[in-house]
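Written out as structure tokens, the structure reads:
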């Protein structure tokens with residue numbers, strides 16, 4: 003089975019595409035993506051907390067850091083819950099994923115949007131901090147000077163660096179959104195019943211052969227196991 007045994011409407015088009023490309027159970031795929039999401043959420047959450055402890059950061063930047071960290075830790079909790087649900091493989095718990103999956107995508111999108119907003123709102127602070135780190139250096143990228151780098155040179159270089167980072171943060175917003183929706187599609191494909199399979203299982207239940215199909219007794223079927 004691709005998901006839980008339950009009645010319901012046919013799965014959306016993107017779940018049908020996934021099942022056609024990968025016509026096997028998505029349980030372990032969902033567990034793997036949840037594990038990756040858990041590690042990623044914890045890693046980025048901790049990273050943003052470290053940024054917040056940087057003495058050079060302004061109070062405005064620290065606020066963004068703590069908000070982004072919270073979003074990533076929430077994502078980590080959602081992914082950990084998804085792993086537990088997949089491990090239990092029970093229908094009532096599986097329905098919880100239909101709520102958690104879009105919530106996780108929303109959290110990821112919000113974190114990426116905040117990163118973009120911080121990049122523009124804190125532009126002056128970021129460039130100033132970058133320029134200060136270059137002062138008294140004698141090398142700035144491939145340009146070697148015989149005298150210390152001036153504030154104007156450092157500011158010019160850091161402004162150029164900020165421009166390049168703009169592309170990066172926007173790209174991560176797009177990529178993160180795509181990855182989030184792909185993860186949600188895999189999760190929904192695992193939870194939402196396949197209409198054809200559901201019909202076959204309904205006939206099997208009517209004929210009293212579900213114990214043979216599930217490898218267990220009627221009590222397992224009532225508990226919602228695949």
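Numbering (this note's numbering), first residue to last: 3 to 228.
All residues carry an ideal CB built from backbone N, CA and C; glycine is no exception.
Note that this is a predicted model, so its numbers are computed, not measured.
In whole angstroms, what is the alpha-carbon distance linking residue i and residue j?
i	j	result
residue 67	residue 87	30 Å
residue 179	residue 125	24 Å
residue 198	residue 101	Unreliable positioning characterises residue 198 in this predicted model, as indicated by a pLDDT of 49, which lies under 50. The coordinate reading is nonetheless provided below. Near 24 Å, if we compare the C-alpha coordinates of residue 101 and residue 198.
residue 34	residue 43	14 Å
residue 104	residue 112	12 Å
residue 196	residue 46	At residue 196, the pLDDT of 49 sits below 50, so the modelled position is not reliable and the matter cannot be decided from this model.
residue 64	residue 165	22 Å
residue 5	residue 75	Interpretation of residue 5 is limited by its pLDDT of 45, a score under 50 that renders its predicted location unreliable; no figure is taken from the coordinates.
Below 8 Å on the Cβ atoms is my contact criterion, and I expect residue i with residue j to pass it. Report the Cβ-Cβ distance as a whole number of Å.
i	j	result
residue 106	residue 77	6 Å
residue 84	residue 32	7 Å
Give me the residue from the options with the minimum Cα distance to residue i.
i	options	result
residue 40	58, 55, 73, 91	73
residue 114	135, 101, 50	50
residue 71	187, 53, 190, 28	53
residue 135	159, 173, 75, 102	159
residue 80	38, 129, 119, 59	38
residue 57	127, 98, 154, 123	127
residue 132	155, 110, 181, 182	155
What do you get for residue i, buried or exposed, if any count of 16 or more other CB atoms within 10 angstroms of its CB means buried?
i	result
residue 176	exposed
residue 170	exposed
residue 116	buried
residue 36	buried
residue 190	buried
residue 119	exposed
residue 28	buried
residue 173	exposed
Measuring only from the beta carbon, is residue i closer than 7 Å to any heavy atom that is part of the ligand ATP?
i	result
residue 167	This structure simply doesn't include the ligand ATP, nor any ligand for that matter.
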